[in-house]
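**Student:** Heads up, the sequence shown is in full-length UniProt numbering, so the first residue is 1 and it goes up one at a time.
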Amino acid sequence: MTNLLNTYLDLLKKGEFINAGEIFFHDNYKRIIINPRSNKIIEENKEESINSAIRLQKDYEIVDGYVGTIVDEKNGIVTLESTVTVKGKDGISKSINEMVIQQWKQGKILQERIYNKLASDNSTNGINLKDEIEAYAANSNGCCTCGDSRSC
Numbered sequence: 001m002t003n004l005l006n007t008y009l010d011l012l013k014k015g016e017f018i019n020a021g022e023i024f025f026h027d028n029y030k031r032i033i034i035n036p037r038s039n040k041i042i043e044e045n046k047e048e049s050i051n052s053a054i055r056l057q058k059d060y061e062i063v064d065g066y067v068g069t070i071v072d073e074k075n076g077i078v079t080l081e082s083t084v085t086v087k088g089k090d091g092i093s094k095s096i097n098e099m100v101i102q103q104w105k106q107g108k109i110l111q112e113r114i115y116n117k118l119a120s121d122n123s124t125n126g127i128n129l130k131d132e133i134e135a136y137a138a139n140s141n142g143c144c145t146c147g148d149s150r151s152c
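(1) Under 8 Å: do the stretch 108-119 and the stretch 28-37 share three or more Cβ pairs, one atom per stretch?
(2) Please say whether Tyr-29 and Ala-20 have beta carbons closer to each other than 8 Å?
(3) Looking only at its chain, what residues have a beta carbon closer than 7 Å to the beta carbon of Lys-108, apart from the 5 residues adjacent to it on each side?
(4) Note down, one range per segment and in chain order, each alpha helix (DSSP H) of at least 4 residues found wholly within the stretch 50-78.
(5) Tell me which residue opens and which closes the beta strand (DSSP E) that Asn-27 is part of.
(6) From the DSSP output, read off the bridge partner residues of Lys-40.
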């Protein structure tokens, strides 16, 4: 799984967002984006996520970035922390700071929970990531459709 993750991350670093999604998103893929600034939660399926990647790839290029990972091979869970600087076609750069928890199944990403971090304090705004990771671990042998063992 670590090799697959590294290949996925290499594609993202090269700006190949569409290719990464087509190769590594499970057919039942679901992305949940949690933005503490706006208190919005966005859910996307595989097609919607790839369409978002198309827009991102068209409008931005990656200038610089860092991704730290923790991989739980046994339960198929990956935790990533990333800080990426992107530059828009208008020349304006912005920093994207995220925590991501992925559930992998059969070599594909089944679900991602993305927490957009606040630039001012670099926190997850009160989200208890330990609970989120434990929920994924508890869920890894059970239901794999919702990603949240507390609601199954």
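A virtual CB, placed ideally from N, CA and C, is assigned to each residue, including glycine.
**Tutor:** With the given structure in hand:
(1) By the criterion of at least three beta-carbon pairs nearer than 8 Å, the stretch 108-119 is in contact with the stretch 28-37.
(2) Position 20 of the sequence shown, counting from 1, holds the residue named residue 20. Position 29 of the sequence shown, counting from 1, holds the residue named residue 29. No, they are not a contact pair.
(3) Within the sequence shown, numbered from 1, the residue matching residue 108 stands at position 108. By the criterion of a C-beta distance shorter than 7 Å, Lys-108 is surrounded in its chain by Phe-24, Phe-25 and His-26, once the five residues flanking it on both sides are discounted.
(4) Complete alpha helix (DSSP H) runs here, min 4: none at all.
(5) The residue given as residue 27 occupies position 27 in the sequence shown. According to the sequence provided, residue 27 is Asp. The question's Asn does not apply to it. Note, Asp-27: beta strand (DSSP E), 25-35.
(6) On the sequence shown, position 40 is the one that residue 40 refers to. DSSP lists Asn-35 as the beta-bridge partner residues of Lys-40.
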